[in-house]
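For the numbering used here, add 20 to where a residue sits in the sequence shown, where the first one is 1. Cβ coordinates follow ideal geometry from the N, Cα and C atoms, glycine included. Here the structure is laid out as structure tokens; the discussion comes afterwards.
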Amino acid sequence: MANLVTLGSTGIVTDKNGFGALPIQRVSMEEAARLLRKAYRGGITFFDTARAYSDSEEKIGNALSDVREHLYLATKTMAATADELKKDLETSLRLLKTDHVDLYQFHNPSFCPKPGNGSGLYEAALQAKEEGMILHIGITNHRQKVAREAIESGLYETLQFPFSYLCSEQDLELVQMCRDHHMGFIAMKSLAGGLITDSAAAYAFASRYDHVLPIWGMQRERELDEFLSYIKNPPTLTEERLALIERDRAQLSGSFCRGCGYCMPCPVGIEINTSARISLLVRRSPSKKYFEAEWQEKMSRIHDCLHCNRCMSHCPYGLNTPELLARNLKDYEEILAGKEMLPDNF
């Protein structure tokens, strides 16, 4: 039986599987169309993208415009002014091949846009809603302070925020606040940027919160097939899955890089959002690519760190990024030398 979620007061009712369309920018137009059509035919009706996701909107428009009335489209803007927002919205509508988006979200702003704050952003979104180009206004963020302000403002119908079984007590408070304010909660990074490797456990955890809609980033058919299978047979929190969650929380909770990328770019070219968690990635999702020449060269760039602390000042989680990079480099070099901590079948 399908596991449905009602997204706050928006009236949007959809399966617990939302399609996170950031990863499809990495595949061809043809492959994206195949995945998107298969997702729709399989029962997924909520598709989340952004103006910042290169050609993701175009791929959705190309694949799904003929079934537009049967699905929900959510996109985002990183506009800093009202004019930029209007331009972004017009572009999004053109690429998505639609005359409206069901949910338009401010994309991780450093502040909570409000009427009268001087930016004109909220007023522009409200005008677009009055004109029918936007049905609902939401906000995405990685910052607790901004997220809480958005909830308490009463201005937004949805909040999109990182949420997985590695969440903190503060994150759980946000989820409850959204419920109390009749606000939809969209969970991004429910696999913690690839560190959670059991999607069934991640899905079962999210299912405990009936007002939370997880969006799963998918670019491979096998990933899509996993989540499509959960529509008819939703995973439950068995004793085994609860034990797995407890083990993962013990290993991963706390100061680990979520891979959000807001620390980028680095002035010396360090790929911070992967390099700062490489030791976890190679242990939890072993891949030979991390030990090939390309990644050895990428990791060696950490030696060139200027300790300018730009990355640390931009981290929404308050991590000591240079320290994490140094620790991961040391760990990586030790694993590279012996690979003793990798699975036998690596």
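So is residue i in contact with chain C if we call contact Cβ pairs under 7 Å?
i: residue 254; result: Looking for chain C here will not work: only one protein chain is present.
I need the DSSP call for residue i, collapsed to helix, strand or coil.
i: residue 179; result: strand
i: residue 127; result: strand
i: residue 366; result: Any reading at residue 366 needs caution, since the residue's pLDDT is 49, under 50, leaving its predicted position unreliable; the model's value is listed next. Reduced to three states, the DSSP call for residue 366 is coil.
i: residue 60; result: helix
i: residue 282; result: coil
i: residue 86; result: helix
i: residue 142; result: helix
i: residue 73; result: coil
i: residue 237; result: strand
i: residue 40; result: strand
i: residue 311; result: helix
i: residue 302; result: helix
i: residue 96; result: strand
i: residue 134; result: coil
i: residue 289; result: coil
i: residue 323; result: helix
i: residue 341; result: helix
i: residue 247; result: helix
i: residue 352; result: helix
Which residue's Cα is closest to the Cα of residue i: the options?
i: residue 221; options: 267, 242 and 43; result: 267
i: residue 345; options: 296, 335, 314 and 198; result: 296
i: residue 265; options: 146, 339 and 184; result: 184
i: residue 249; options: 59, 147, 47 and 44; result: 59
i: residue 347; options: 335, 337, 319 and 329; result: 319
i: residue 337; options: 156, 35, 149 and 182; result: 182
i: residue 115; options: 83, 38 and 167; result: 83
i: residue 323; options: 38, 302, 349 and 201; result: 349
i: residue 321; options: 156, 288 and 303; result: 288
i: residue 307; options: 331, 275, 355 and 343; result: 355
i: residue 169; options: 131, 26 and 309; result: 131
i: residue 173; options: 107, 26, 33 and 134; result: 134
Does any heavy atom of the ligand SAM sit closer than 6 Å to the C-beta of residue i?
i: residue 74; result: Annotation note on the ligand SAM: not contained in the displayed structure, which lists no ligands.
Per DSSP, which residues does residue i bridge with? Please list them.
i: residue 35; result: 24
i: residue 67; result: 39 and 93
i: residue 121; result: 154
Give the list of continuous beta strand (DSSP E) stretches no shorter than 3 residues that lie fully inside the segment 154-233.
Correct list: 157-160, 178-182 and 204-208.
For the structure I just gave you, are there three or more beta carbon pairs, one from the segment 223-237 and one from the segment 254-263, closer than 8 Å?
yes
I want to know whether the segment 225-241 touches the segment 283-301 - three or more CB-CB distances under 8 Å.
no
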